[in-house]
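End of the sequence shown = 234 in the numbering used here, gap-free, step of one. Beta carbons are placed, not taken as given, at the ideal position from N, Cα and C, and that holds for glycine. Contents: one structure, followed by commentary.
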Amino acid sequence: MRESAPGLFLGYAVSMLIPNDKQLLQRLLDGAASLQVALTQQQAVDLIALVRLLERWRRAYNLTAISEPMQMVEKHLLDSLSLAPYVTSGPVLDVGTGAGFPGLPLALLRPELSFTLLDAHAKKLRFVTQAAATMRLDNLRTAHSRVEDYQPDAGYSIITTRAFASLQQMTQWCEHLLAPAGKLLAMKGHVSDDELGAVPASWHATVEPVVVPFINGARHIVTLTPA
Numbered sequence: 008m009r010e011s012a013p014g015l016f017l018g019y020a021v022s023m024l025i026p027n028d029k030q031l032l033q034r035l036l037d038g039a040a041s042l043q044v045a046l047t048q049q050q051a052v053d054l055i056a057l058v059r060l061l062e063r064w065r066r067a068y069n070l071t072a073i074s075e076p077m078q079m080v081e082k083h084l085l086d087s088l089s090l091a092p093y094v095t096s097g098p099v100l101d102v103g104t105g106a107g108f109p110g111l112p113l114a115l116l117r118p119e120l121s122f123t124l125l126d127a128h129a130k131k132l133r134f135v136t137q138a139a140a141t142m143r144l145d146n147l148r149t150a151h152s153r154v155e156d157y158q159p160d161a162g163y164s165i166i167t168t169r170a171f172a173s174l175q176q177m178t179q180w181c182e183h184l185l186a187p188a189g190k191l192l193a194m195k196g197h198v199s200d201d202e203l204g205a206v207p208a209s210w211h212a213t214v215e216p217v218v219v220p221f222i223n224g225a226r227h228i229v230t231l232t233p234a
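The following block contains the structure:
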């Protein structure tokens, strides 16, 4: 078991959580079960610790407009975990990660894969770095750059994004970052015919609806691969 960090719940037993956090934990476990995503007890407790850290940092660092921890569980954690079945290989690049979603939950869930969380906003990456250190995520690093300017040493097997840019922009900005046979996974709400039609003919797009527990509205995962 990983060491605990001061002020957080890492390494703690579920029985030591305060009542409000037990409610958050149950919501997370119920949602993960609905998504058919298997969380260990420790992973679930660590994710609730992430929510509490986000709650404390969010206003000073403009991390998220969501202020209620229960909504953070639903709209950040469960939404991120809906991508888990698609993240089957690495290395993984999370573009426009913001406060670390979906990258942080996925890195916790997939410790065998390496993750790079990229964003152009240094303040947000400071939170991500603190969260990763607190959660003892040895498989995660951050990169401070605009995606179109980022020049890694090697390409990525999977690139993830969550409501970051249009599909056409993602193919343009990320093409140089993909490893051979790599793919882009774009998390979207509604996907219009116009947006799909703007994807270059050199790319193949597959759109799959996903149901995120406790979230109303359309959610889709678009897989983009070079044709």
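Where does residue i fall in DSSP's three states?
i    : result
E75  : coil
F16  : Residue placement at F16 is poorly supported in this model, since its pLDDT is 41, which falls under 50; the coordinates still yield a value, given next. If DSSP states are grouped into helix, strand and coil, F16 belongs with coil.
H183 : helix
Y93  : helix
Y68  : helix
V281 : In the structure displayed, the chain extends from 8 to 234; residue 281 sits before or after that span and is not available.
L100 : strand
E10  : The predicted model places E10 with a pLDDT of 34, which falls under 50 and marks its position as unreliable; any figure quoted below should be read in that light. Correct three-state label for E10: coil.
So residue i packs on residue j, CB below 8 Å; how close in whole Å?
i    : j    : result
T230 : K195 : In fact, because the Cβ distance is near 11 Å, the residues do not count as touching under 8 Å.
A188 : H211 : Their Cβ separation, rounded to whole angstroms, is 13 Å, which puts A188 and H211 out of contact at 8 Å.
L100 : L125 : 6 Å
V135 : T178 : Contact doesn't hold; Cβ gap of about 25 Å is too wide.
T149 : L132 : 5 Å
A56  : L46  : Their Cβ separation, rounded to whole angstroms, is 13 Å, which puts A56 and L46 out of contact at 8 Å.
L31  : V58  : 6 Å
Per DSSP, what are the beta-bridge partners of residue i in this structure?
i    : result
H227 : K195, P216
K190 : I165
- Query: Quick check: the region 110-117 against the region 180-187, are there 3 or more CB pairs under 8 Å?
  - Reply: no
- Three or more C-beta pairs closer than 8 Å, one from the region 76-96 and one from the region 203-223: is that the case here? yes
- At 4 residues or longer, and completely inside the region 111-179: list those alpha helix (DSSP H) runs for me, N to C. 129-141
- At least 3 beta-carbon pairs within less than 8 Å: the region 86-103 vs the region 160-168: yes
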